[in-house]
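K.L.:
2 protein chains.
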Amino acid sequence: MTDRPDGWLRTAETIVREARALVLDRLRSDVAHRLKADGSFVTDIDLAVEDLVRRRLEAAFPDHGIVGEERDDVRPEAEFQWVIDPIDGTHSLRHRIPLFSTLLSLLRDGHPVLGIIDLPMLDRLYAGARGLGASCNGRRIDLREAEESDIPREVICVGERKQFAACGRAAAFDRLMRDHDHVRTYCDAFGHALAIEGAAGAMIDVDLRLWDVAASQILIEEAGGAFVRLNPTMRSSRKGGHYDVVFGKRTVVDWICTHWEQGE
Amino acid sequence: MTDRPDGWLRTAETIVREARALVLDRLRSDVAHRLKADGSFVTDIDLAVEDLVRRRLEAAFPDHGIVGEERDDVRPEAEFQWVIDPIDGTHSLRHRIPLFSTLLSLLRDGHPVLGIIDLPMLDRLYAGARGLGASCNGRRIDLREAEESDIPREVICVGERKQFAACGRAAAFDRLMRDHDHVRTYCDAFGHALAIEGAAGAMIDVDLRLWDVAASQILIEEAGGAFVRLNPTMRSSRKGGHYDVVFGKRTVVDWICTHWEQGE
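Protein sequence lines, in the order shown, are assigned to chains A and B.
Here my numbering is used: the first residue of the first sequence is 873, the next is one more, and so on.
Here my numbering is used: the first residue of the second sequence is 873, the next is one more, and so on.
1) Let me check understanding here. Comparing Cα to Cα, which of Glu885/A, Ile1068/A and Leu881/A lies closest to histidine 967/B?
2) Nearest to aspartate 1060/A by CA position, among Val1117/A, Gly1096/A and Arg980/A, is which residue?
3) Are any of the Cβ atoms in chain B nearer than 8 angstroms to that of leucine 1091/A?
4) Expressed to the nearest angstrom, what Euclidean distance is found between the alpha-carbon atoms of isoleucine 851/B and tyrosine 998/B?
5) If we cut at 8 angstroms on Cβ distances, does glutamate 1019/A have a partner in chain B?
6) Using a C-beta to C-beta distance shorter than 7 angstroms, which residues of chain A count as neighbours of threonine 915/B?
7) Leaving out five residues on either side along the sequence, give the residues of the same chain with a beta carbon under 6 angstroms from the beta carbon of arginine 892/A.
8) Which residues, in order along the region 989 to 1015 of chain B, keep a beta-carbon less than 7 angstroms from a beta-carbon of chain A?
9) Give the interface partners of proline 1104/B over in chain A, defined as CB-CB distance under 8 angstroms, in chain order.
10) What residue range does the alpha helix (DSSP H) around phenylalanine 933/A cover?
11) Is any beta-carbon of chain B found at less than 8 angstroms from that of isoleucine 1028/A?
12) With 8 angstroms as the C-beta to C-beta threshold (strictly closer), list the residues of the region 1046 to 1062 of chain A near chain B in chain order.
13) Following the continuous beta strand (DSSP E) through proline 984/A, name the residue where it begins and the one where it ends.
14) List the residues of chain E whose Cβ lies closer than 7 angstroms to the Cβ of alanine 1074/B, in chain order.
15) Evaluate the contact criterion for the region 1072 to 1088 of chain A versus the region 952 to 961 of chain A: three or more CB pairs, one atom per stretch, below 8 angstroms.
16) What's the gap between the Cα of valine 914/A and the Cα of aspartate 1126/B?
17) Using alpha carbons as the reference points, say which of Gln953/B, Leu994/B and Leu965/B lies closest to aspartate 981/B.
18) Could you check if alanine 1072/A is buried or exposed, using at least 16 other CB atoms within 10 Å of its CB as the buried criterion?
19) What's the gap between the Cα of glutamate 1017/B and the Cα of proline 1024/B?
20) Who are tyrosine 1115/B's beta bridge partners in DSSP?
21) Skipping 5 residues on each side, what residues in its chain have a beta carbon closer than 6 angstroms to that of glycine 1005/A?
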């Protein structure tokens, strides 16, 4: 990826840990929020975290670009682009459901080469980079493959049904929920993290933006799992490109892809 | 409840904290499990926790009865009955999904008067007793009521769909999933805890046993919320009585009960 990939990963981890401290501090008081033009909510914590991470990235990587959910792009022509989702799971954060996260990833020529998922309330930081493997709190993740016979007992994480309805996949959601005993709405990057470490067999998440998915792609690949785009030709809207993905243990991902293709 | 209710609550909390330490210690190694006669799994952690809690209860309350998920009843004729679910969410624990819990409650003449939900991996202990209120990690819970207009944005927790199918409520599950944007499968007592502290608007959980539900009933009542039995005439099976319940903020519980009754 570069001549100093592990140094970049350590720098990114340091930045995310500082963001975590900010989040935990801000959560001690009430969280102000407002409705965005796209109908979703943003809190003052989202904005404070993105601004902090942008300042630290600017200082550490002055030649790199930055893409963030809440602010304008910086140096969009650069080879390396940092991608920030300051709070993934803002709905959970607003309601004090402890499963929200901070996501940071690095793209090289559009491909994820480094990714971090941090779950502040669970004290879990997942980090990985191309060729360096993936880890959780410093412990290396080696995804154990599931046997075919284990598939019925694996947990399959999904986003909220409304995400599936938004991209025409409500019937597929309902079919999967009906046909597998352990489909659970562990939405947002909490479900991604469970799939990356193998606690869940797979995560299916749809109608995602780049900052929702880039960290998970490199993390699952480095953990030894499978990552599949369900919409290779990306849908675009006024909000930009949308990704529908399934990733996790290869046998479970294959089962899901077959199951979905049969029904659609 | 008794002349020493807060003393009993402190004793119960001490026992559950000791159980938590045992769980966290045992999780450092592999977890052995076996299939039970009812088709569910039990791990060696379930058994070790129940045995520990029983020993401590026997020593502290030698005249009280004990009901536990994994072992035989003790002194079933006693006025006070301790009810143990050593691991609620065994499927999660087996897969290292950090949302399992230990539940302990006390019934007087069949009615819950004290309850504890402990989530070891989240470091959250919910405790309450009749007349003493409910707390999370020692901080008192006062459930804020939801406005009617907030109901669409409240998170509604549900158990797994297969639980609903098992008691003839699959169609109601599907309808709720379709008609509300934030229905999430935060199954087991993790979802109960979110409703008790008001992070979720309500929890709907069905096909429960006494040890799954007794702690939640007293905790939500002491937090100032509503608790409704959906099957006032209890179904019985070879596994004993089964409870279908909805609890949380009163406006959300009312909305759910109306919604379900309209459809059934």
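Glycine included, C-beta positions come from ideal geometry on N, C-alpha and C.
Computed from a predicted structure; not experimentally measured.
P.N.:
Short version:
1) Position 95 of the second sequence, counted from the first residue, corresponds to residue 967/B. When only C-alpha atoms are compared, the closest one is Ile1068/A.
2) Here residue 1060/A refers to the residue found at position 188 when the first sequence is read from its first residue. Of Val1117/A, Gly1096/A and Arg980/A, the residue nearest in Cα terms is Val1117/A.
3) Position 219 of the first sequence, counted from the start, is the residue given in the question as residue 1091/A. With respect to chain B, the C-beta atom of leucine 1091/A has no partner C-beta closer than 8 angstroms.
4) Residue 851/B lies beyond the residue range present for chain B, which begins at 873 and ends at 1136; the question has no answer from this structure.
5) The count along the first sequence starts at 1 and reaches residue 1019/A at position 147. Among the residues facing chain B, glutamate 1019/A is not included, as its CB has no counterpart in that chain under 8 angstroms away.
6) What you label residue 915/B is simply residue 43 of the second sequence in a count that begins at 1. Threonine 915/B does not reach chain A, its nearest Cβ partner there being about 14 angstroms away, counting only Cβ pairs nearer than 7 angstroms.
7) In the first sequence, residue 892/A corresponds to position 20, counting from 1. Excluding residues within five positions, the ones whose Cβ falls inside 6 angstroms are Asp990 and Pro992.
8) So the list reads Leu994, given in the order they occur along the chain.
9) Here the question's residue 1104/B lines up with position 232 in the second sequence. Listed by position along chain A, the residues whose Cβ is nearer than 8 angstroms to that of proline 1104/B form an empty set, because the closest Cβ is around 28 angstroms away.
10) Here residue 933/A corresponds to residue number 61 of the first sequence, with the count starting at 1. Run containing phenylalanine 933/A: none; DSSP gives neither H nor E here.
11) Within the first sequence, the letter at position 156 stands for residue 1028/A. Under the Cβ distance rule, isoleucine 1028/A does not count among the residues neighbouring chain B, no pair being separated by less than 8 angstroms.
12) So the list reads Asp1046, Met1049, Arg1050, Asp1053, His1054, Val1055, Arg1056, Thr1057, Tyr1058 and Cys1059, given in the order they occur along the chain.
13) Residue 984/A sits at position 112 when you count from the first residue of the first sequence. Taken as a continuous stretch (DSSP letters only), the beta strand (DSSP E) holding proline 984/A covers 983 to 991.
14) Among the protein chains in the structure shown, which are A and B, there is no chain E.
15) A contact between stretches requires three or more CB pairs, one per stretch, nearer than 8 angstroms, and the region 1072 to 1088 of chain A meets this requirement with the region 952 to 961 of chain A.
16) For the purposes of this step, residue 914/A is taken as the residue at position 42 of the first sequence. For the purposes of this step, residue 1126/B is taken as the residue at position 254 of the second sequence. Distance from the CA atom of valine 914/A to the CA atom of aspartate 1126/B, rounded to whole angstroms, is 29 angstroms.
17) Residue mapping note: residue 981/B aligns to position 109 of the second sequence, counting from 1. Of Gln953/B, Leu994/B and Leu965/B, the residue nearest in Cα terms is Gln953/B.
18) For the purposes of this step, residue 1072/A is taken as the residue at position 200 of the first sequence. Alanine 1072/A is buried by the Cβ-count criterion.
19) As a first step, residue 1017/B must be located in the second sequence, where it is residue number 145. As a first step, residue 1024/B must be located in the second sequence, where it is residue number 152. Going by the C-alpha atoms only, they are around 14 angstroms apart.
20) Counted from its first residue, the second sequence places residue 1115/B at position 243. Answer by DSSP bridge pairing, in chain order: Leu1080/B.
21) Position 133 of the first sequence, counted from the start, is the residue given in the question as residue 1005/A. If we look at glycine 1005/A and ignore the five residues flanking it on each side, its Cβ neighbours are Arg1012 and Glu1094.
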